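All remarks here apply to the structure that follows.
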Amino acid sequence: MKRNLLVGFVVLLLAAACAWPQTGTTSVRGAVTDKTGAAIVGAKVSVINAAQGLQRETATDGTGGYEFLSLPPGSYVLTIETKGFRKFEQKN
49 MKRNLLVGFV
59 VLLLAAACAW
69 PQTGTTSVRG
79 AVTDKTGAAI
89 VGAKVSVINA
99 AQGLQRETAT
109 DGTGGYEFLS
119 LPPGSYVLTI
129 ETKGFRKFEQ
139 KN
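Everything in the sequence shown is counted per the working numbering, starting at 49 for the first residue and increasing by one.
Printed below as a string of structure tokens:
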């Protein structure tokens, strides 16, 4: 009887652990290039989620690449700025 109670308790604990709310994250990756396809190195890239009060910034690498990891799901504004180019902004 005690063994059945113990097994039942363990099963209940495992079921409860699986029922915890799952929070996902997302990532944004890209590359910044000019009209000819040449990489823009050192451009300032920002993602902003005003509803969550979140803002992250990075600079493009040697291949023009950037990435933002582990962002909570939501609507973002992506902004890219660099000297000699017009500011780019993409919403949602």
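The beta carbon of each residue, even a glycine, is placed where N, CA and C say it ideally should be.
Being a predicted model, the structure only gives us computed values, none of them experimental.
Whether residue i touches residue j by CB criterion (8 Å)
i	j	result
Ser123	Asn97	yes
Contacts around residue i, its chain only, beta-carbon distance under 7 Å, and the 5 residues preceding and following it disregarded
i	result
Thr111	Ala79, Ala87
Pro121	Gly72, Thr74
Chain-order list of residues whose beta-carbon lies under 6 Å from that of residue i (same chain, five-residue window excluded)
i	result
Val125	Ile96, Lys139
Glu137	Thr127
Leu117	Ser75
Gly132	none
For residue j and residue i, the rounded distance between their alpha carbons
i	j	result
Arg77	Glu115	4 Å
Thr106	Lys92	6 Å
Gly113	Asp82	13 Å
Buried versus exposed call for residue i [16 or more other C-beta atoms within 10 Å across all chains shown]
i	result
Ala99	exposed
Thr108	buried
Gly85	exposed
Proximal residues to residue i (C-beta, below 8 Å), its chain only, five neighbours per side dropped
i	result
Leu119	Thr73, Thr74, Ser75, Val76, Val95, Asn97, Leu102, Arg104
Gly90	Ala107, Thr108, Thr130
Arg134	none
Per DSSP, the bridge partner or partners of residue i
i	result
Val95	Arg104, Leu126
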